[in-house]
Amino acid sequence: MERLSVPFILEYLQKLHPNAHCELTHRNPYELSVAVILSAQTTDVSVNRVTPALFKAYPSPYDLAKAPTKDVEKYIASLGLYRNKAKQIVGFAQGVVEQFHGEVPHTMEELTTLPGIGRKCANVIMAECFNIPSIAVDTHVARISRRLGLCYQKDDVEKIERKLMRKIPRDRWIKTHHQMIFFGRYLCHARNPECYRCPFVNGCHEKQKNLIPPKTK
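Under the UniProt record's numbering, think of the first position of the sequence shown as 1, with each following residue one higher.
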């Protein structure tokens, strides 16, 4: 097995996904924060289906903070864990209003005091809304990092985050985060990865490689 260098990985991620970007539809930090909370264990596509009506009903943190949780549930009922997510986004809005005068904060320390916001969510918000170099480790980024040998299989998300921050140039953190998500979402799937068209296949640690392309009709 070849050892994949970080420059090689970054070069080919850029070739494969030069326009990788956040796929959660949003217009401001409030909307992205809510969307990120809602995206846990569901797809961005599913979240984007429910947020237009949700944000029409609750266009600001002040509106959502006053909303009964049962009313909020109606807008997101198609999502998994919607009852818990409704509590989280209402709690998040209340925290933004009570602690930060209605403005979503931009530091890890402040963001993670809010309901529903862990390190991953905070990193997404900092990077996408405030252009602060960050790497959010979601399921795609964790899987790709393990398969490409950027971390150990046993590493948890915080260890993976620290290792990626150490190995990847700071000015590439945001872009690489998006490119790894696109790579995981559209090529290096959790099941049946498209190894037959992957530039990293010879250095990949995945044991169940899918090397046979599908037959064309």
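All C-beta atoms in this analysis are idealised placements derived from N, C-alpha and C, irrespective of residue type, glycine included.
Taking one beta carbon from each stretch, the region 148-159 and the region 104-113 have fewer than 3 pairs nearer than 8 Å; the two do not touch.
Taking the C-beta atoms as reference points, residue 211 is found nearer than 8 Å to residue 195.
If you keep only unbroken alpha helix (DSSP H) runs of at least 4 residues inside the region 7-57, you get 29-38 and 44-57.
When the five nearest sequence neighbours on each side are left out, the beta carbons in the same chain lying within less than 8 Å of the beta carbon of residue 95 are those of 113, 114 and 115, in order along the chain. Around the Cβ of residue 66, a 10 Å sphere holds fewer than 16 other Cβ atoms; the residue is exposed. If the five residues before and after residue 54 are omitted, its C-beta is found closer than 6 Å to the C-beta atoms of 75, all from its own chain and listed in chain order.
Leaving aside the five residues that flank residue 182 on each side, the residues in its chain whose CB is nearer than 8 Å to its CB run, in chain order, 16, 17 and 20. About 6 Å separates the CB atoms of residue 164 and residue 145; that is less than 8 Å, so the two are in contact.
Cβ contact annotation for residue 123 (same chain, cutoff 7 Å, sequence separation greater than five): 134, 135 and 136, in chain order. The C-beta distance from residue 32 to residue 24 rounds to 6 Å, short enough to fall under 8 Å. By the criterion of a C-beta distance shorter than 8 Å, residue 125 is surrounded in its chain by 29, 32, 33, 36, 104, 106, 111 and 117, once the five residues flanking it on both sides are discounted.
Going by DSSP, residue 212 is part of no alpha helix (DSSP H) at all; its letter is neither H nor E. The C-alpha of residue 10 lies about 22 Å from the C-alpha of residue 209. One thing to note: residue 79 has its Cβ within 8 Å of the Cβ of residue 46. Only buried fits residue 180, as 16 or more other CB atoms lie within 10 angstroms of its CB. Within the same chain, and ignoring the five residues on either side of residue 72 in sequence, the residues whose Cβ sits closer than 8 Å to its Cβ are 54, 58, 64, 86, 89 and 90. Its Cα nearest to that of residue 101, the residue 62 stands out among 44, 62 and 22. Check the Cα spacing between residue 191 and each of 202, 178 and 206: the tightest is with 206. By alpha-carbon distance to residue 108, the top candidate from 93, 92 and 132 is 132.
A direct Cα-Cα distance of roughly 10 Å separates residue 8 from residue 199. Each of 214, 202 and 215 was checked against the Cα of residue 2, and the nearest Cα belongs to 202.
When C-alpha distances from residue 6 are compared across 173, 156, 121 and 41, the shortest belongs to 173.
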